[in-house]
Amino acid sequence: MIGLYLGILSAFSQPVRDSAKYKSNKLQLEEIDLVSGYYRQDGNNSAVTGGIGTEKLTDFTNTIEVKLFKYDRQQRKNQFKFELGIDHYTSASSDKIDPKTISSASMDDTRVYPSLSWNRENEKKGTSFGLTTSYSHEADYISYGAAFNFTKTSRDKNREFNLALQAFFDTWKVIYPEELRPPDYGTGAKSDNRWVEESPKRSFTGSLSYSQVINKKLQVSLLADPTYQHGLLSTTFHRVYFNNGSLRAENLPGNKFKLPLGVRSNYFFGDHVIIRTLYRFYIDDWGMKAHTIEMETPVKLSPFISVSPFYRFHTQTAVDYFAPFLKNEPNQIYYSSDHDLSALNSHFYGMGVRISPPKGIFGSRFWNMLEIRYGHYDRSTDLHADIVSMHLKFK
Amino acid sequence: MHLNRRVLRYSVLASVVTTTLFSCTTVKQYQKMHLNDAEMKLSAKKIQKVEQNFQVYREGASGVSGGKSGGGCGCN
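Protein chains in written order, with the working numbering: chain A, 1 to 395; chain B, 1001 to 1076.
Here you go:
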């Protein structure tokens, strides 16, 4: 009787669930990130006015990123990410494309750029792959982008290899400075319905990265982002004044190959300081070589608060086609007076504060982290800038 | 002379990278409390997005640092 009773009990008992392995297949919110920034610059080498003149510009950037995930029947994690960015900028030099018609108010524009990503991770195999599609629109530029990524992690999770293939199919409105426009050619302004030529620009990038844990406190990664671009790579509303006084619109080659290579290393020094470094070497077939070094040292004042001073140094040689105002030779095929492509050094330095208490910001469990950062930028061409950024994370 | 210096430079760099990678120790998951810190992640921070934006416009070099490598904008 007792045996029968126990037998009946076991037949109706619930099977023991291994809760560590069970993963819900409902769509769940993983996190929301808001990043905002205000950027302000000034200088005196505007490319719009031939390498001289104001470079005053402000930019207000906002992005929101929403991540959702769910597990499928094979217990693979599917992550969905939606990102929307909106930038609004004002530029005193863009005002000078058509100097006779614009008032003292600077030209402004808004750029909107959404993107959608899906990523599938198989934790048993240590692999993940994903697809991304993106769009960007501003007054004179439209972009459609697509990307594929693949990641392989070692069994002990001490090594990771990542491959990403990215393509952008972009279209420029070909806007000329006012004095160089053909008769009846449009200005490119929203209020002007006259015809303006459109020209394509294609960009293809194959990104490779290899990450390795060295020991309990040090990990490094090797990075490469070879890129090929084809199409309209000049900015046609940039003026170029030659040494004989003549004027033309900027003209650069229709192909460009770039090879940036980098090393990242992060080291936990003691129990309170992290040393984050990045070195980048860059070379392209327009003649530019560059070196960039970044260092940031988060100092943990407590497990939940850290302050991060940072410094970045960048140096580059000029592209073969650059010359300053009134220095280009009229027999050159390609020419530019854009000081962004000149030989220059830059210093960027500042500090950030990061707060991530266990009970959330202001006691809100949903508001997980707040980070604020200020930086000052000095370029050897006498351009200076300030930038303030903020990141809010919700989980 | 220039070629010798370049060969020497690349050889030293390759040696450093190889030595570093081969001196790795296997670190188990429960030993990764420092490595798993949010600020130890081997990528640019999200808050750096705005900075990467202006660097791609104001400098001729791009890529590897987490920002755009080319395309998607009227940048370099």
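Cβ coordinates follow ideal geometry from the N, Cα and C atoms, glycine included.
- In terms of CA proximity to L57 (chain A), A:Y39 leads the group A:I64, A:A47, A:T49 and A:Y39.
- Around Q1031 (chain B), the beta-carbon contacts reaching into chain A at under 9 angstroms are K216.
- By alpha-carbon distance to R379 (chain A), the top candidate from A:Q28, A:H347 and A:A167 is A:H347.
- Contact check between the region 165-179 of chain A and the region 232-245 of chain A: three or more CB pairs, one atom from each, fall below 8 angstroms, which counts as touching.
- The beta carbon of K1028 (chain B) sits closer than 8 angstroms to no other beta carbon from its chain once the five residues preceding and following it are set aside.
- Chain B has a Cβ within less than 7 angstroms of the Cβ of Q316 (chain A).
- The residue among A:W286, A:W195, A:L261 and A:G270 with its C-alpha nearest the C-alpha of T292 (chain A) is A:L261.
- Per DSSP, R1058 (chain B) is not a residue of any beta strand (DSSP E); the alpha helix (DSSP H) it occupies stretches across K1049 to R1058.
- Here DSSP, grouped into helix, strand and coil, assigns Q332 (chain A) to coil.
- DSSP, reduced to helix, strand and coil, places Y176 (chain A) outside both helices and strands of the structure shown, so it counts as coil.
- Among the residues facing chain B, S154 (chain A) is not included, as its CB has no counterpart in that chain under 7 angstroms away.
- Between H391 (chain A) and chain B, the shortest Cβ-Cβ separation is below 7 angstroms.
- A Cβ of chain A is located within less than 7 angstroms of the beta carbon of G1071 (chain B).
- Linking D284 (chain A) to N266 (chain A) through their CA atoms gives a straight-line distance of about 28 angstroms.
- For I305 (chain A), no CB of chain B lies under 7 angstroms from its own CB, so it is not counted at the interface with that chain.
- Within the model, the alpha-carbon separation for M107 (chain A) versus H88 (chain A) is close to 11 angstroms.
- Cβ neighbours of G360 (chain A) within its own chain (closer than 7 angstroms, five residues either side excluded): F366, W367 and N368.
- Of all residues in the region 1044-1064 of chain B, only A1044, K1045, K1046, I1047, Q1048, K1049, V1050, E1051, N1053, F1054, Q1055, Y1057, R1058, E1059, G1060, A1061, S1062, G1063 and V1064 place a beta-carbon less than 9 angstroms from a beta-carbon of chain A.
- The beta carbon of K190 (chain A) sits closer than 8 angstroms to the beta carbons of A139 from its chain, once the five residues preceding and following it are set aside; these are given in chain order.
- Taken in chain order, the whole beta strand (DSSP E) runs of length 3 or more contained in the region 145-213 of chain A are 159-173.
- By a beta-carbon distance limit of 8 angstroms, N251 (chain A) contacts Y334 (chain A). Their separation comes to about 6 angstroms.
- For the pair C1024 (chain B) and I214 (chain A), the CB atoms are nearer than the 7 angstroms cut-off.
- For T297 (chain A), there is no enclosing beta strand (DSSP E), since its DSSP letter is neither H nor E.
- Within chain A, the residues E138, D140, Y141, W172 and T235 have their CB atoms less than 8 angstroms from the CB of G1074 (chain B), given in chain order.
- Distance from the Cα of L165 (chain A) is smallest, within the candidate group A:T151, A:N158 and A:R155, for A:T151.
- Using a CB distance cut-off of 7 angstroms, V1027 (chain B) counts as an interface residue toward chain A.
- Between the region 235-248 of chain A and the region 1027-1041 of chain B, the count of Cβ pairs shorter than 8 angstroms is below three; the stretches do not touch.
- Of the residues assessed, N331 (chain A) falls on the exposed side of the cut-off, its CB having fewer than 16 other CB atoms within 10 angstroms.
- Per the coordinates, the alpha-carbon of Y311 (chain A) lies some 9 angstroms from the alpha-carbon of M351 (chain A).
- What L1042 (chain B) touches in chain A, judged by beta-carbon distance under 7 angstroms, is S211, Q219, S221, R264 and N266, going in chain order.
- Counting the other Cβ atoms within 10 Å of the Cβ of L131 (chain A) gives fewer than 16, which makes it exposed.
- If you draw a 10 Å sphere on the C-beta of W286 (chain A), you find 16 or more other C-beta atoms in it, and that means buried.
- Only exposed fits S1011 (chain B), as fewer than 16 other CB atoms lie within 10 angstroms of its CB.
- Within chain B, K1046 have C-beta atoms less than 9 angstroms from the C-beta of D33 (chain A), given in sequence order.
- Burial state of L29 (chain A) is exposed, judged by a 10 Å Cβ sphere holding fewer than 16 other Cβ atoms.
- Of all alpha-carbon atoms in A:F129, A:L163 and A:P177, the one lying nearest the alpha-carbon of S207 (chain A) is that of A:L163.
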